[in-house]
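Heads up, the sequence shown is in the UniProt record's numbering, so the first residue is 1 and it goes up one at a time.
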Amino acid sequence: MIKKYLITTFRHLQRKRLFTTLNIFGLAIGISICWVIYRIVSYEYSYDKELVQKENIYRVVSGFVFDEKEDYNGGASKPLYQGIREQIDGLEHVVPIFENSFRSVEVDNSFGSPLRFDDQKGVAAIDSAYFNFLEYRWLSGTKSSFLDNPNSVVLTEDRAKQYFPDQVPNEILDRTITYYSYRDTITRTVAGVVANLPQPTEFNSHEFVPLPYIAYDLNIWTNTNGSDRLYLQLDKASNPAIIAEQIDDIIQQKTKEWRDQSENTFNFKRWIELLPLGESHFATHIRESNLRKASKPVLYGLMGIALFLLLLACINYINMSVAGIPQRTKEIGVRKTLGSNKKQLIGQFLLETLVTTVLAGILSLALTKLVFWFLKDIIPEGITPFANILEYLGFLFVLSVLVAILAGLYPGWLITRVNVISVFRSTSLQTKGSKGFNLQKALIIFQFVIALVFITSALIIGKQLQYSIKSDMGFNKDAVVLVQVPYKYVFEDKYDGKQFPLLEELKTISGIQNASLGAAPLSEGYASSAYEYSEEGKPAISRQVFKKWVDTSYVNLYNLKVLAGRNLHESDTPTEYVINETAVKAFGFASTQEALGKFIGQKDEKLPIVGVVNDFHMRDFYQSIDPMAFQMEKSNLTNFNIKLTSNTDQWQSTLSEIEQKWYRFYPPESFSYTFYDESIEQMYKQEKQLATLVNLATFVSIFISCLGLFGLAVLTAFQRTKEIGIRKVMGASVEGIVRLLSKEYIILVIIALVFASPIAWFAMDKWLEKFAYRIEIEWWIFLLAGIAAITIALLTVGYQAIKAAIANPVKSLRTE
């Protein structure tokens, strides 16, 4: 019986090549996107899977309230781990990981000059607890040889291959590696190589050195850096809430005076929370310096997109299948006459659906690679299309069964409703009391509701993204090159002021319009603290102010407008402030002019305001503009800000000149630069990824919806064959018949637009709420989406309508 069903199935699929191709292609697209999203979601939820399965592993994170704003930092003060070990019981492991980045690394090369690697990250200072907590496989060396030598380093397998590409782990023992940081230079000897940890993991360090070396601030309790992570494994009997309270008590003891002053003066509070390891990867509210995060709402959104696109593919299959039923009426009638029951008829149709789905799954193998390529900027590094082919086959089997049931039951049930007597009288479909084709139109409307929601969302996301990137940020970011000054040339006494001669040399280059020194790019490197302003007889006003150290050229280089007063004067020590408009309002000054001459600052260290500049966006458009102040202090100027001329053809030669002068002043330091406008665009990386995903979903939903619409057009033309023939005989024009056949589809799209508009508006308004500066959702966006959908619908059904309109009426009337 199964063999006969299969033979019939393949004969039918071969006979209806067009419908078969469209069905397979529509399902293949849905399956491939579902598989890609499944890979992304399963990857994100597999972070540190083996460790998460162990109980009571937590990460210490720091919470803050400053000026009524709550914030979280993923780090802990460096000396905290020792305090916990000394004072708290009930812990199996206390694991500090203090990560460092290096400007460059030099590796001993026995075959020639040392190999140099720039901007190396992932070097962690650890102690013995780390290798007891995490089970590494040692490829060379031993844990004891590493810990016994304070000048040693252990490499992961990947880092060892990077540094010593042609050597095995045993051959690189005792080789030297020199690290150049912004603070100093250190040399370490390779004491071992360990295998990479199973991926993905947030324990992503690649080089390990023993504490306390290259770990700064080991005795400072008030500093919290997101790269200084601390993990705890509790005993089964320990309560994490009680442990967190005990840690808070330790910090209170060590920082009591500072903490009391901060709380009373600046309304500053700090506390400790224990974050379960399984939640760490999804804790997007915590500021991190070196860990990838995944947003659960985004993953839920991805799963929703996958579900909707698969549902659209199933609906498309239903519509195409129902469209083909009228041409199978005689087959159905013969089967029922020869004794086929409902179960057999439905079984035959489910088998056809299952075979179609399996063929679609095979095609999806190729489409998946295409989807991976299109979403390459969204898919996390480390995910491959088919890491485990058995996993894919299992996924395909489950999905095929679900799709076969979901997409095959209704057409199969509809077949059983065919009236046998009417079958041999007419080629049109007659069912017993069925109103099934009304459902088909409802499914078309549903498809276009989803497509219109995606079209509208794509338009709004694109508009907000353009607004964020292209809007005036209040300063000139174009043609600005950023170069960081090596740490020692700023902060070590023997190099005092060595950045200033290079600055003057840069200004002599013809391709440079202006050059300045500042603490960091304009949108980064702010020191946040509470500033006071007080008048006699009135309570003091305290506000959080973001301070930035700059030189006298900084304001002009970024084309900031001085609204009142003057720019900063050159000074070795802080003597004055230039503030922005928001700071003027925050301290209650009536105007920019009134702010001049007023003293603000911390307690007894108040300085006069000598100028006011326009507001500008220090950060992305998610956040409102904060009060800020510029201050001149030579000892904190750590970045060259270089404004190039507008002649882009000259940029490359100008950068080469800058590099030559760099090595003349800083011969051991590697030269690297970034364009500031590119850094600004990186602020909106997540939004660009979302736009890419929504654009793909829009294209796929429109394509699949059009396939379903095409099927409905074929069905309508077939059902109205006689009517069209009579109209042509009576003198109807081709244009009139096309208009007649197309009108109902336009109505379906308009109905879909009515339902889709409020859904899209609600979803996008919620998304835009995250932005402090946002676009308004305007009516023309929905109109444009509707026009686009109607145009696409007309193009889809136009071919079938014209084909029906120009058909010979003699043939259509002869069917009776």
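Think of the CB as a built atom: it goes at the ideal place given N, C-alpha and C, for glycine as much as any other residue.
Quick check on this structure: which residue in P385, T384, T187 has the alpha carbon closest to the alpha carbon of V102?
For the record, residue 102 in the displayed sequence is Phe; it is not Val. Looking at the Cα atoms, T187 is the closest of the given residues.
Entirely within the stretch 561–637 and at least 4 residues each: give me those alpha helix (DSSP H) ranges in chain order.
Look at the stretch 561–637 and you find these whole runs of alpha helix (DSSP H), each 4 residues long or longer: 581–586, 592–595.
Cα-Cα separation, V322 to L712
8 Å
The alpha helix (DSSP H) spanning S101 covers which residue range?
No alpha helix (DSSP H) holds S101; the beta strand (DSSP E) holding it covers 91–107.
In three-state terms, what does DSSP make of G63?
strand
Keeping to the same chain, check which residues put their C-beta closer than 6 Å to that of G74; ignore five residues upstream and five downstream.
V61, G226, I286, E288
Between the Cα of I405 and those of A807, L359, E352, H281, spot the shortest distance and give me the residue it belongs to.
Distance check between I405 and each of A807, L359, E352, H281 places E352 closest, using alpha-carbon atoms only.
For N239, which of W271, P276, T255, K606 has the nearest alpha-carbon?
Nearest neighbour of N239 by Cα position, chosen from W271, P276, T255, K606, turns out to be P276.
Do you know how far the Cα of T796 is from the Cα of Q430?
With a pLDDT of 49 at Q430, under the threshold of 50, the modelled position of that residue is not reliable, and no figure is offered here.
Integer Cβ distance of D620 from S468, believed to fall under 8 Å:
A Cβ-Cβ distance of about 7 Å is found for the pair D620 and S468, placing them in contact under the 8 Å criterion.
Across which residues does DSSP place Y81 in a beta bridge pair?
Y81 is not bridged to any residue.
From P385 to Q53, what distance separates their C-alpha atoms?
26 Å
Looking only at its chain, what residues have a beta carbon closer than 7 Å to the beta carbon of A195, apart from the 5 residues adjacent to it on each side?
Y136, R137, L139, E157
Find the nearest neighbour of A191 within the set S145, E504, C34, E257, judged by alpha-carbon distance.
S145
Hey, out of P486, I509, Y554, whose CA is closest to L518's CA?
The amino acid occupying residue 518 in the given sequence is Gly; Leu does not appear at that position. The shortest Cα separation from G518 among P486, I509, Y554 belongs to Y554.
Do you know whose CA, among D478, K643, E536, T508, lies nearest N514's CA?
K643
Do the CB positions of residue 879 and P501 come within less than 8 Å of each other?
Outside the shown range of the chain (1 to 816) lies residue 879, about which nothing can therefore be said.
My guess is that D148 and L211 are in contact by the Cβ rule of under 8 Å, so how many angstroms apart are they, rounded?
In this structure D148 does not touch L211 by the C-beta definition: roughly 14 Å separates them, more than the 8 Å allowed.
Can you name, in chain order, every residue of its own chain whose Cβ lies under 7 Å from the Cβ of A407, other than the five neighbours on each side?
C314, Y317, I318, T353
So what's F282 in DSSP terms, helix, strand or just coil?
coil
Have a look at L783 and K728 and give me their C-alpha separation to the nearest angstrom.
Between the alpha carbons of L783 and K728 lies a gap of roughly 35 Å.
Let's test the definition: count the other Cβ atoms within 10 Å of the Cβ of T791 and tell me whether it reaches 16, buried, or not, exposed.
exposed
Can you name the residues that DSSP bridges to T674?
L482.
Residues sharing a beta bridge with L115, DSSP
V107
Whether residue 833 touches G63 by CB criterion (8 Å)
Outside the shown range of the chain, which is 1 to 816, sits residue 833, and nothing can be said about it.
For a test of the three-state rule: what should DSSP assign to A804, helix, strand or coil?
The answer is helix: DSSP assigns A804 an H, G or I state.
Considering E207, what are the terminal residues of the beta strand (DSSP E) in which it resides?
207–210
Could you check what DSSP says for D158 in three-state terms: helix, strand or coil?
helix
Hey, V193 and L155 are a contact pair by Cβ (cut 8 Å); roughly how many whole angstroms apart?
5 Å
Length of the line joining the Cα atoms of L409 and I272:
Taking the straight line from one Cα to the other gives about 56 Å.
If I2 and V700 are in contact, beta carbons under 8 Å, what's the gap, nearest whole angstrom?
At roughly 34 Å, the Cβ-Cβ gap does not stay under 8 Å, so I2 and V700 are not in contact.
Helix, strand or coil at R229 [DSSP, three-state]
strand
Roughly how many whole angstroms lie between the Cα atoms of residue 818 and L452?
The question about residue 818 has no answer here: the residues shown for the chain are numbered 1 through 816.
Classify H617 as buried or exposed, calling it buried when 16 or more other Cβ atoms lie within 10 Å of its own Cβ.
Flag for H617 reads buried.
Leaving out the 5 sequence neighbours to the left and right, which residues in its chain are closer than 6 Å to I199 when beta-carbon positions are compared?
Residue identity check: residue 199 is Gln in the sequence provided, not Ile. G382.
Residues that N388 bridges to, as DSSP identifies them:
Paired residue(s): none; N388 is not in a bridge.
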